[in-house]
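Each residue of the sequence shown is one higher than the one before, starting from 8 at the first, in our numbering.
Following: one structure in structure tokens, then a few remarks.
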Amino acid sequence: MKKNFEQKRKLRAVVGLVAMVALLVAMAAMSFTDVKTTQANPPTPCAFVVDPCAPTTTVPTTTVNPCLAAFGGNCPTTPPTTTVNPCPSAFGQCPTTTPPATTTAAPTPAPTPDTGHRIYGKITKDGGVPTAQDKVTVTIGTGDQQLNSDGNYGFNNLQAGTYTVKVKSDVTEKTTKTITLTDTDKDVQFNYELDPTDTVTTTPPAVSTVKYTLKGKVSNQGKGLAGYGISLTGQTVAQHTDNDGNYGFNDLAPGKYKLEVYYELAGVKYPQQDRDVVITTENVTVDFGIGYRIIGSVTGDSAAPATRTLTLYQGTTIVATTTISSEFGGNIPTYSFTTYVAPGTYTLKMSYMNGVCRNVSGSVDVTVINTDTQQNLTLTVGDFVRGAGCPPRR
Numbered sequence: 008m009k010k011n012f013e014q015k016r017k018l019r020a021v022v023g024l025v026a027m028v029a030l031l032v033a034m035a036a037m038s039f040t041d042v043k044t045t046q047a048n049p050p051t052p053c054a055f056v057v058d059p060c061a062p063t064t065t066v067p068t069t070t071v072n073p074c075l076a077a078f079g080g081n082c083p084t085t086p087p088t089t090t091v092n093p094c095p096s097a098f099g100q101c102p103t104t105t106p107p108a109t110t111t112a113a114p115t116p117a118p119t120p121d122t123g124h125r126i127y128g129k130i131t132k133d134g135g136v137p138t139a140q141d142k143v144t145v146t147i148g149t150g151d152q153q154l155n156s157d158g159n160y161g162f163n164n165l166q167a168g169t170y171t172v173k174v175k176s177d178v179t180e181k182t183t184k185t186i187t188l189t190d191t192d193k194d195v196q197f198n199y200e201l202d203p204t205d206t207v208t209t210t211p212p213a214v215s216t217v218k219y220t221l222k223g224k225v226s227n228q229g230k231g232l233a234g235y236g237i238s239l240t241g242q243t244v245a246q247h248t249d250n251d252g253n254y255g256f257n258d259l260a261p262g263k264y265k266l267e268v269y270y271e272l273a274g275v276k277y278p279q280q281d282r283d284v285v286i287t288t289e290n291v292t293v294d295f296g297i298g299y300r301i302i303g304s305v306t307g308d309s310a311a312p313a314t315r316t317l318t319l320y321q322g323t324t325i326v327a328t329t330t331i332s333s334e335f336g337g338n339i340p341t342y343s344f345t346t347y348v349a350p351g352t353y354t355l356k357m358s359y360m361n362g363v364c365r366n367v368s369g370s371v372d373v374t375v376i377n378t379d380t381q382q383n384l385t386l387t388v389g390d391f392v393r394g395a396g397c398p399p400r401r
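This is the structure in structure tokens:
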């Protein structure tokens, strides 16, 4: 029994050895087939390197080992972190340096305006401040300044650059200075001393020695008006027209004047007319014609004749007359003298016998100043008139 067990054990060992040999033969055959296939179609040694020398640091994350023994090297089991060819035996060495990253240059900021520069200084004369008669100005470019009470000047908020500073006294240029302002020389002081003997001699404008006369006449309806006041700018004393209405100013220099005529009543001056007068190279004559209208109405007699006469007096002198109509249909008759009268006091008068043999009369004073004047006249009906064509009263 023991012998049979030993025989079975040996048999199993032989069978296992035969199986192992068969397995080894099979594996050798498979390896030979793979070698032939690989030699016909060699695989890409590193599948995760698309372009071994491309300038990129990004690689696939596969962990498959694509390198075979036929290529004489092994790829790492994890993706490389550089762009170096992981299979140096088959493909050689890629550059080990990473290409520089492309950067975009930041835009250059616009230059900041260069402000805050200044040129200033002081102009003196004989150790003091120039007087107003020196007429000192300081000019930079097209701008100029006069000195303040201390003789100082200043140009602020200038740009960096080169400037020409000119100092003038009256209209004569005294000095010129070129000054350059930079970032380090922002404030530049320039002082100047005028020559003490340099006096400004300003030639006064020529004064004409020729004198002229301004004359004329003040009239109404061609008649001279006496006693009218005449004033002229530049003359302290006014004149009055003579009996013929004439006036005159002598020894007048060329120039522009204003001439005014006024009427004086009870100490009050009433302006009448004025003129602007220009005297150049000859004597000048200016006449004034003054006149105003008197208008109004006449009431108080319903039996007035068809027409009647209204008379205007100045004192005992008849100045003007006019004819008016009667009060037909309730209309109030009006009058208007065609004669323009001068300022003064006048009297309106009317008298007549009406259609019922009664005397009718009326009188009123009217004062004309410096405008057309309205004055109404109211008539008074008197007693019955006997005779003269009127029937006797019973």
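The beta-carbon is built from N, C-alpha and C at its ideal position, and this holds for glycine as well.
All values derive from a computational prediction rather than experimental measurement.
By how many angstroms is the C-alpha of residue j removed from the C-alpha of residue i?
i       : j       : result
Asp-308 : Val-348 : 28 Å
Val-275 : Gly-223 : 23 Å
Gly-389 : Val-268 : 45 Å
Arg-125 : Asn-163 : 5 Å
Ile-297 : Lys-230 : 10 Å
Pro-312 : Arg-300 : 26 Å
Val-145 : Glu-200 : 13 Å
Gly-161 : Gly-262 : 41 Å
Ala-310 : Val-367 : 10 Å
Glu-180 : Val-174 : 6 Å
Phe-295 : Thr-329 : 26 Å
Val-28  : Val-22  : 10 Å
Ile-331 : Arg-315 : 6 Å
Thr-292 : Leu-221 : 6 Å
Val-195 : Asp-133 : 23 Å
Thr-169 : Gln-152 : 19 Å
Val-143 : Ser-226 : 57 Å
Thr-346 : Thr-216 : 46 Å
Lys-184 : Ser-176 : 15 Å
Pro-203 : Gly-158 : 15 Å
Leu-18  : Leu-30  : 18 Å
Lys-171 : Ile-147 : Residue identity differs from the one stated: residue 171 is Thr in this sequence, not Lys. About 6 Å.
Gly-362 : Asn-338 : 18 Å
Gln-228 : Glu-289 : 29 Å
Thr-182 : Asp-141 : 15 Å
Thr-354 : Arg-365 : 23 Å
How many whole angstroms separate the CB atoms of residue i and residue j, which I take to be in contact at a CB cut-off of 8 Å?
i       : j       : result
Val-326 : Leu-386 : Not a contact, Cβ separation roughly 20 Å.
Thr-189 : Ala-167 : 6 Å
Phe-256 : Leu-232 : Going by Cβ atoms, the distance from Phe-256 to Leu-232 rounds to 18 Å, so no, they are not a contact pair.
Thr-341 : Gly-303 : 7 Å
Ile-130 : Leu-154 : 6 Å
Leu-266 : Ile-286 : With a Cβ gap of about 11 Å, Leu-266 and Ile-286 do not count as contacting.
Gly-351 : Val-371 : Not confirmed; about 15 Å, so no contact.
Tyr-270 : Gln-279 : 6 Å
Gly-123 : Lys-193 : 6 Å
Tyr-264 : Val-284 : 5 Å
Tyr-254 : Ile-237 : 5 Å
Tyr-277 : Asn-377 : 5 Å
Pro-392 : Met-357 : Rather than Pro, the amino acid found at residue 392 in this sequence is Val. Actually they do not touch by this definition, with Cβ atoms about 17 Å apart.
According to DSSP, is residue i part of a helix, a strand, or is it coil?
i       : result
Val-388 : strand
Ala-20  : helix
Asp-249 : coil
Ala-273 : coil
Lys-263 : strand
Asp-141 : helix
Val-217 : coil
Glu-289 : coil
Ala-167 : coil
Cys-397 : strand
Val-172 : strand
Gln-196 : strand
Ala-327 : strand
Thr-45  : Confidence in Thr-45 is poor, its pLDDT being 48 and thus under 50, which makes the residue's placement unreliable; the coordinate value appears in the next sentence. Here Thr-45 sits in helix by DSSP.
Gln-382 : coil
Gln-321 : strand
Gln-279 : strand
Leu-30  : helix
Val-25  : helix
How far does the beta strand (DSSP E) with residue i in it extend, from its first residue to its last?
i       : result
Pro-312 : Per DSSP, Pro-312 belongs to no beta strand (DSSP E) and is neither H nor E.
Ile-301 : 301-306
Gln-152 : 150-153
Asp-294 : Premise fails: Asp-294 is in no beta strand (DSSP E) and is neither H nor E.
Gly-369 : 365-375
Ser-156 : From DSSP, Ser-156 is part of no beta strand (DSSP E); its letter is neither H nor E.
Tyr-347 : Neither: Tyr-347 is in no beta strand (DSSP E) and is coded neither H nor E.
Thr-185 : 179-188
Ile-339 : It is not in any beta strand (DSSP E) - Ile-339 carries neither H nor E in the DSSP assignment.
Thr-243 : Run containing Thr-243: none; DSSP gives neither H nor E here.
Tyr-127 : 124-132
Just checking residue i against the ligand NAP - is the residue's beta carbon closer than 6 Å to any of the ligand's heavy atoms?
i       : result
Asp-390 : Only the bare structure without any ligand can be found here, which leaves the ligand NAP out of the picture.
- Is it a yes or a no for the region 313-320 touching the region 237-251, going by three-plus beta-carbon pairs under 8 Å? Too few Cβ pairs lie closer than 8 Å, so no.
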